[in-house]
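Each residue of the sequence shown is one higher than the one before, counting from 3 in the working numbering. Backbone N, C-alpha and C define an ideal beta-carbon position, used for all residues, glycine too. Just so we're clear, the structure is a prediction, and the values are computed from it rather than from any experiment.
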Amino acid sequence: MTTVNVALIGYAFMGKAHSNAYRQVSRFFRPRVDPRMRVICGRTKASVVAAARAYGWEEAATDWRSVVARKDVDIVDISTPGDSHAEIAIAAARAGKVVFCEKPLANSVREADRMLAAVQKARVIHMLCHNYRRAPAVMLAKQLIGDGRLGEIRHYRGTYLQDWIVDPQFPLVWRLDRARAGSGALGDLAAHTIDLARFLVGEIVEVAGHLETFIKQRPLPDNRQKKGRVTVDDAATALVRFANGAIGTIEATRMAPGRKNFNRFEINGSRGSLAFDLERMNELEVYFEAEPAATRGFRRILVTEASHPYVKAWWPPGHIIGYEHTFTHTVFDLLEAIADDRLPEPNFVDGVRNQLVLDAIERAAKQRRWVAVRRFRT
Ligand SMILES: NC(=O)c1ccc[n+]([C@@H]2O[C@H](COP(=O)([O-])OP(=O)(O)OC[C@H]3O[C@@H](n4cnc5c(N)ncnc54)[C@H](O)[C@@H]3O)[C@@H](O)[C@H]2O)c1
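Listed below in structure tokens is the structure:
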């Protein structure tokens, strides 16, 4: 079996999730190329060394530029905040590496365009980590829609709600700084909701949007006596119109007490509906008009049968899977794409399209009117 050497940049939240995926993928799936966890990179030596040991990487490094240039690296995995995605991805593409990048692709459309141009010019394989596509229940939703079970799609209702910044004393971390994160709940959470909308329903062509920052100043992380300005949205809402005639609503916030990772969507078509909630990610709610009226109603499919997407590799029916499995599925699909020498999805094209929608929502919010999503230029 061919081995591909992986370099992972970033060792914290996503660093841990991606490390787990590389470690597990060949134990449960049978990818035709096997990932070797060659080197993990971060800025703080002691922490990255500890991460290498804990997650199972062969080496630890502190300079991503030298890591990306290494001959013994095939895949560069970018799990850093958005302000470094473009620079690392472009350097990795120029060095001929497969580029696997966390969402949102970039902090601006301009950066996203440059990243796509770089991977296309270098003709390297690229992928964007919108891992929620790979929850088995979401893939089942995709199959049901593709099979026409919902008929013509009319509504997409996507919400992504969290509550970790409700406390005004929560510090000004990088996710609250526009220069580092690009935007707030919009790019962090709505980017996922938009990706699921595009995946399941189709392209978004027009939006109206609203962004709100409720708590405008917060304590600085390293000096809690002093406060700094929050430069991103705490919450984002949008009305959207799809190219196929469907309409939708998108809501993302980190200000919804009690909602921890409430990534939920409901889709209504002419022949049925379906609903998904990440906090109950092994389930898909469905309703089909064609069923007998007396017993018709929303019902819950436990998406743990061997016939369901990805499930056969794991456990017997009813033995549920969790958050980390979505990353293992994503990495498996990346490895299979490498084996076939083809582009996996979502990739940087999806990243640019997603960024165009985020950008349109920001412009619509600022201008307080409907805005057309810029047409995608290849
Ligand atoms: N797919 C998902 O569900 C999901 C979930 C959370 C975060 N994310 C995305 O993942 C990315 C990282 O988020 P996170 O939550 O892991 O952040 P984090 O703050 O937990 O970790 C960021 C890591 O990047 C490292 N880093 C920062 N700048 C660096 C640089 N210049 N060179 C080398 N390393 C650097 C930090 O040391 C840290 O290890 C973001 O783009 C975020 O939007 C995706």
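Best match in the options for proximity to residue i [C-alpha to C-alpha]
i: glutamine 164; options: Leu174, Ala124, Lys218 and Leu191; result: Leu191
i: leucine 188; options: Trp372, Val51 and Met257; result: Met257
i: aspartate 224; options: Pro173, Val121 and Thr215; result: Pro173
i: phenylalanine 244; options: Ile217, Asp236 and Ala199; result: Ala199
i: alanine 362; options: Ile196, Gly153, Leu146 and Ala19; result: Ile196
i: tyrosine 162; options: Thr233, Phe378, Ala254 and Gly204; result: Ala254
i: tryptophan 166; options: Lys262, Val232 and Gly184; result: Lys262
i: leucine 360; options: His194, Ala19 and Tyr289; result: His194
i: proline 216; options: Val207, Leu202 and Gly186; result: The question names proline, but residue 216 in the sequence shown is phenylalanine. It is Gly186.
i: serine 272; options: Arg266, Leu142, Ala248 and Asn265; result: Ala248
i: isoleucine 206; options: Met3, Val232 and Arg355; result: Arg355
i: phenylalanine 378; options: Arg231, Met3 and Leu118; result: Leu118
i: glutamate 293; options: Glu287, Gly274 and Ser309; result: Gly274
i: aspartate 65; options: Leu142, Gly58 and Lys47; result: Lys47
i: glycine 84; options: Glu338, Ala183, Ala374 and Glu61; result: Ala183
i: leucine 146; options: Ala277, Arg376 and Ala339; result: Ala277
i: glycine 148; options: Ile322, Gly204, Glu208 and Gly160; result: Gly204
i: aspartate 169; options: Pro221, Gly211 and Leu337; result: Pro221
i: arginine 301; options: Val288, Ala295 and Leu202; result: Val288
Residue span of the alpha helix (DSSP H) that contains residue i, given as start and end
i: alanine 63; result: Here alanine 63 belongs to no alpha helix (DSSP H); instead the beta strand (DSSP E) covers 61-63.
i: glycine 186; result: Here glycine 186 belongs to no alpha helix (DSSP H), and DSSP marks it neither H nor E.
i: valine 126; result: No alpha helix (DSSP H) contains valine 126, which DSSP labels as neither H nor E.
i: proline 221; result: Segment 219-222 is the beta strand (DSSP E) holding proline 221; no alpha helix (DSSP H) there.
i: histidine 327; result: 325-342
i: leucine 304; result: No alpha helix (DSSP H) holds leucine 304; the beta strand (DSSP E) holding it covers 301-304.
i: glutamate 347; result: It is not in any alpha helix (DSSP H) - glutamate 347 carries neither H nor E in the DSSP assignment.
i: aspartate 197; result: 193-202
i: methionine 16; result: 15-30
i: arginine 55; result: 47-57
i: isoleucine 90; result: 87-96
i: valine 288; result: First-last for valine 288: 285-290, but that is the beta strand (DSSP E), not the alpha helix (DSSP H).
i: valine 75; result: From DSSP, valine 75 is part of no alpha helix (DSSP H); its letter is neither H nor E.
Limits of the beta strand (DSSP E) - the one that residue i falls within
i: lysine 229; result: 225-231
i: proline 138; result: Premise fails: proline 138 lies in the alpha helix (DSSP H), 138-148, not in any beta strand (DSSP E).
i: phenylalanine 244; result: 237-244
i: alanine 308; result: It is not in any beta strand (DSSP E) - alanine 308 carries neither H nor E in the DSSP assignment.
i: serine 275; result: 274-279
i: isoleucine 167; result: Looking at the DSSP string, isoleucine 167 is not in any beta strand (DSSP E), and its letter there is neither H nor E.
i: glutamate 268; result: 264-271
i: leucine 213; result: 206-214
i: proline 37; result: 35-43
Residue i Cβ short of 7 Å to ligand 1 heavy atom set
i: threonine 306; result: no
i: aspartate 224; result: no
i: asparagine 133; result: yes
i: serine 185; result: no
i: threonine 82; result: yes
i: glutamate 113; result: no
i: isoleucine 390; result: The chain is shown only over 3 to 380; residue 390 falls outside these bounds and no answer can be derived.
i: methionine 129; result: no
i: glutamate 104; result: yes
i: glycine 44; result: yes
i: tryptophan 59; result: no
i: glycine 17; result: yes
i: aspartate 190; result: yes
i: alanine 14; result: yes
i: serine 21; result: no
i: serine 86; result: yes
i: tryptophan 66; result: yes
i: tryptophan 176; result: yes
Spatial distance of residue i from residue j (CA atoms)
i: isoleucine 92; j: phenylalanine 329; result: 23 Å
i: glycine 250; j: leucine 241; result: 6 Å
i: alanine 238; j: leucine 213; result: 5 Å
i: serine 21; j: methionine 39; result: 8 Å
i: phenylalanine 334; j: serine 28; result: 8 Å
i: proline 311; j: proline 318; result: 13 Å
i: isoleucine 269; j: glutamate 285; result: 15 Å
i: glycine 260; j: glycine 44; result: 33 Å
i: arginine 96; j: glutamine 219; result: 40 Å
i: glycine 17; j: phenylalanine 264; result: 22 Å
i: arginine 55; j: valine 41; result: 11 Å
i: serine 49; j: glycine 12; result: 11 Å
i: lysine 144; j: lysine 228; result: 48 Å
Practice problem: Decide yes or no for the touch test of the stretch 107-116 against the stretch 269-287: beta carbon pairs closer than 8 Å, at least 3 of them. | Solution: no
Exercise. Examine the Cβ distances between the stretch 161-179 and the stretch 120-133 and report whether three or more of them are shorter than 8 Å.
Key: no
Exercise. Tell me, please, whether the stretch 112-122 touches the stretch 81-90 by the rule of three or more beta-carbon pairs shorter than 8 Å.
Key: yes
Quiz item: If we count Cβ pairs, one from each stretch, closer than 8 Å, do we get three or more for the stretch 136-149 versus the stretch 296-309?
Solution: yes
Quiz item: Are there three or more Cβ pairs, one per stretch, closer than 8 Å when the stretch 34-50 is compared with the stretch 96-107?
Solution: no
Practice problem: Specify whether the stretch 3-18 and the stretch 67-82 touch according to this definition: at least 3 beta carbon pairs, one from each stretch, less than 8 Å apart. | Solution: yes
Quiz item: With a cut-off of 8 Å, do at least 3 Cβ pairs link the stretch 116-123 to the stretch 141-156?
Solution: no
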